[in-house]
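Chains as they are written, first to last, in this note's numbering: chain A, 1 to 451; chain B, 1 to 451.
Here is the structure we will look at, set down as structure tokens.
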């Protein structure tokens, strides 16, 4: 009987040092690599974007190849909610991409091959990405760039060991039913380490996760799908009841969406420079000209989403009968494939609530914002996918809480960390923000040990 | 620690007799009840259906309330498959209905409350149905019928024990993304047994499953979602690899569907009496006038799908290292919510292949049809949902096989029965035909013991 994968992963999480990578040299490596790979993005008029066009009448933004993604309008009807109707732009990217991390044991410790990657929307240049982060258009060569390194490990897993493989959603407020395949594949063969790539233990990744804007969203979501052995076991609710809670919410919540013209959005301003909400809040759709050095192609234009304000994404956590639990929120977003996903306790941009009715103010937000330092277990600003979102930053928080076992609202429930790990083997239970927080929760073990 | 639910369910499966219900009297009860509850269906022109109309130009069939379901056209593009393009009618029923079985222990043995129910499409009158079988329009009263008995156990589970609760797909060849909530709820309270309802042990239901056209589709799918303890444990493939196989198929298979006018279907004949394929194969869309006695309302009209020919739905099964496995097929159907579901080894109407290219002939069909009696473990004709399908009958078979561990085609894999049980806690892994066969597989234990 081979050693369980979760036990080997735990050994990697406990390893804060590695013969291959010295974290003390991380900043030098990042800085040096950042000098040869740099991406700059400059805002340009929508009509000036090469290879993109605005569809006549609707103004929808499309790539001339018909591939990549489209930005169109969405009319949302959410009867019974605090904001029952709204219009918004949304990104439609039907292709399932691959987010893959390659794993290999060195000296008996699994290491993760990560890439220092520049994306046009990253607030600070490079971030640490999965080994592979590629849309299907990328890796099948629609954009005529260089081949995606290491992608064959994930396209044909037959000679390797699959550690995790699950399609997960991304931001349901900005993407219409986007899914990426989150994969972790282990090899025992020789792996050439290309420039810009490096092996890390999981413990080292956990340490880096507590630094602002270093570990990117794609790396966080793949990390959350790793096997994880939680001790002690047990949970407040039986898993059958948790599944029934999710099923009930999905069966009974109505959210209707209708595709409409991007230029036809009500309460949005449409100019040559983009689409913005009349309130000045939420987000803009903009066009950018990207100049890249050391990347697949030298430069390109593309639409991006630029959110306003820094978000707050938080888990309230507590122990129940000695077992760590997090307070999850059954949340509806218009772009989810299946109505409801489990979200962090709090997930919002506080500034936006100035324009919304008081009933829309998120539950538990005030408790998170008022928490003293003794109750804040994790507090790091991390950014969202820099290939589609321009400077989309969120403050990720984990806050010790004394919210009771019955949180007093049917859309909120305490789930054990082990239950979250089990749900993460399957698609569309946890949203991308909750997955990031799961990775952060697990990182607390490493940071605690090194403190 | 309470006794695990799966162990209590197993006790019910082992109980072939019950103080509440004597199977010897089953036929008398069914016959007597059938005299007071009868449904007859007569074919009428589409335009003659009361409360239904054909949309101008498209000819799509709609109910005047806007509820229930719609029949429209679908153009399917499945590049790389043996039949890369086709048109067909499809039923669009976006509401999530409830299929629920109420459970209660008598003398320490869980019993299941089943209903003798008449549906217009049933080939032989009554069939045994779940306690509740209701669309949302049904139980919220859109059709102005009587209230649905027992539905409150499933609409508010807070004072009961949820045994299973999972949304599952139905026929992806005939329904566009239909899902029903499959629920099993246990109560300890007093339950009044209404006329037409009766308590059965699971063992008794298993015995009835081997009789033609008795246990209906809705009962079979709910039974398949029950907890089930499989011994011995073990499986040919790790579950991580099974999940990766499904994810890969879902990520890489392309099936594009486009809604088109029902009257605009290519290769279909459109007459006053319905829509039929030019070949005379596949299925017709027809209108029926239903006369019901003892049902919610006295009569109504509705469209139905009438398939041609009796289908063959079969599991090849074998033991691998002493553990029972079934050969599953990763199958694409145009109406699936998520591209691919696991289907029986064989699922087809053999007659239809006269009109299709030889490459489309289903793998393993010939092995199933040629199997001698010594290899046939289960062989019963069961029908599909009689509320939408008119005389849709399939021969369900379980056949002992010596197909090797590597079945020689990437779309087929041996899964252990225990793996199927675990997948059935989650939505959309097993299609409705495979779920029926899982219920049949489990019934073999009961029939073996009583032989």
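The beta-carbon is built from N, C-alpha and C at its ideal position, and this holds for glycine as well.
Asked	Found
Contact list for residue 243 of chain B against chain A, beta-carbon separation under 8 Å	165, 166, 425, 426
Neighbour list for residue 421 of chain A in chain B, Cβ cutoff strictly below 9 Å	Within 9 Å Cβ-Cβ: nothing; residue 421 of chain A doesn't reach chain B, min ~13 Å.
Nearest neighbour of residue 25 of chain B, chosen from B:70, B:208, B:41 [CA to CA]	B:208
Closer than 7 Å to chain A by CB, residue 463 of chain B	Outside the shown range of chain B (1 to 451) lies residue 463 of chain B, about which nothing can therefore be said.
Candidates A:266, A:65, A:84, A:339, of which the one nearest residue 359 of chain A by Cα	A:84
Residue 165 of chain B classed as buried or exposed, judged by whether at least 16 other C-beta atoms fall within 10 angstroms	buried
Option in A:218, A:178, A:302 with minimal Cα separation from residue 132 of chain A	A:218
Within the segment 153-230 of chain A, ranges of the beta strand (DSSP E) (whole runs, at least 3 residues)	161-169, 179-186, 197-201
Residues near residue 347 of chain B in its chain [Cβ-Cβ closer than 6 Å; skip 5 each side]	313, 433
C-alpha distance - residue 1 of chain B paired with residue 7 of chain B, whole-angstrom precision	With a pLDDT of only 49 at residue 1 of chain B, under 50, the local geometry of the prediction cannot be trusted, and no value is derived from it.
Chain A within 7 Å of residue 240 of chain B, Cβ atoms only	yes
Sequence ranges, beta strand (DSSP E) only - wholly within the segment 270-355 of chain B, length at least 3	274-277, 283-293, 299-307, 311-320, 323-332, 340-343, 346-348
Contact with chain A by residue 401 of chain B, beta-carbon distance below 7 Å	no
Where residue 376 of chain A falls: helix, strand or coil (DSSP)	strand
Counted within 10 angstroms of its Cβ, other Cβ atoms place residue 418 of chain A as buried (16 or more) or exposed	buried
Beta-carbon spacing of residue 68 of chain B, residue 91 of chain B below 7 Å	no
Sub-7 Å separation of residue 100 of chain A and residue 183 of chain A beta-carbons	yes
Residues, ordered as in the chain, of the segment 94-106 of chain B that lie near chain A by beta-carbon distance below 7 Å	96
Reduced DSSP category for residue 105 of chain A - H, G, I as helix; E, B as strand; rest coil	strand
CB contact below 7 Å: residue 78 of chain A versus chain B	no
Delimiting residues of the alpha helix (DSSP H) encompassing residue 14 of chain A	5-14
Alpha-carbon to alpha-carbon, residue 376 of chain A and residue 324 of chain A	15 Å
Spatial distance of residue 75 of chain A from residue 260 of chain A (CA atoms)	6 Å
Chain A within 7 Å of residue 451 of chain B, Cβ atoms only	Only weak support is given to the placement of residue 451 of chain B: the predicted model assigns it a pLDDT of 44, under 50, and the value that follows is read from those uncertain coordinates. No, its Cβ sits nowhere closer than 7 Å to a Cβ of chain A.
Under 8 Å from the C-beta of residue 235 of chain A: neighbouring residues of chain B	Those within 8 Å of residue 235 of chain A in chain B number zero; the least Cβ separation is about 14 Å.
Distance CB(residue 437 of chain A)-CB(residue 429 of chain A) smaller than 7 Å	no
Cross-chain neighbours of residue 250 of chain A in chain B, by beta carbon under 8 Å	96, 167
Residue nearest to residue 412 of chain B in terms of C-alpha spacing, selected from B:340, B:12, B:197	B:340
Limits of the beta strand (DSSP E) - the one that residue 72 of chain A falls within	70-77
Cβ neighbours of residue 151 of chain A in the same chain (closer than 8 Å, five flanking residues each side left out)	98, 100, 132, 134, 139
Listed by chain order, chain D residues near residue 157 of chain A by CB distance under 9 Å	Absence of chain D from the displayed structure is noted, the protein chains being A and B.
Beta-carbon spacing of residue 258 of chain A, residue 267 of chain A below 7 Å	no
Per-residue contacts from residue 162 of chain A into chain B (C-beta, under 7 Å)	240, 241, 244
C-beta atoms of residue 305 of chain A and residue 283 of chain A nearer than 7 Å	yes
Alpha-carbon to alpha-carbon, residue 235 of chain A and residue 320 of chain A	8 Å
Beta-carbon proximity list for residue 96 of chain B, same chain, < 8 Å, skipping 5 on both sides	136, 167, 179, 180, 181
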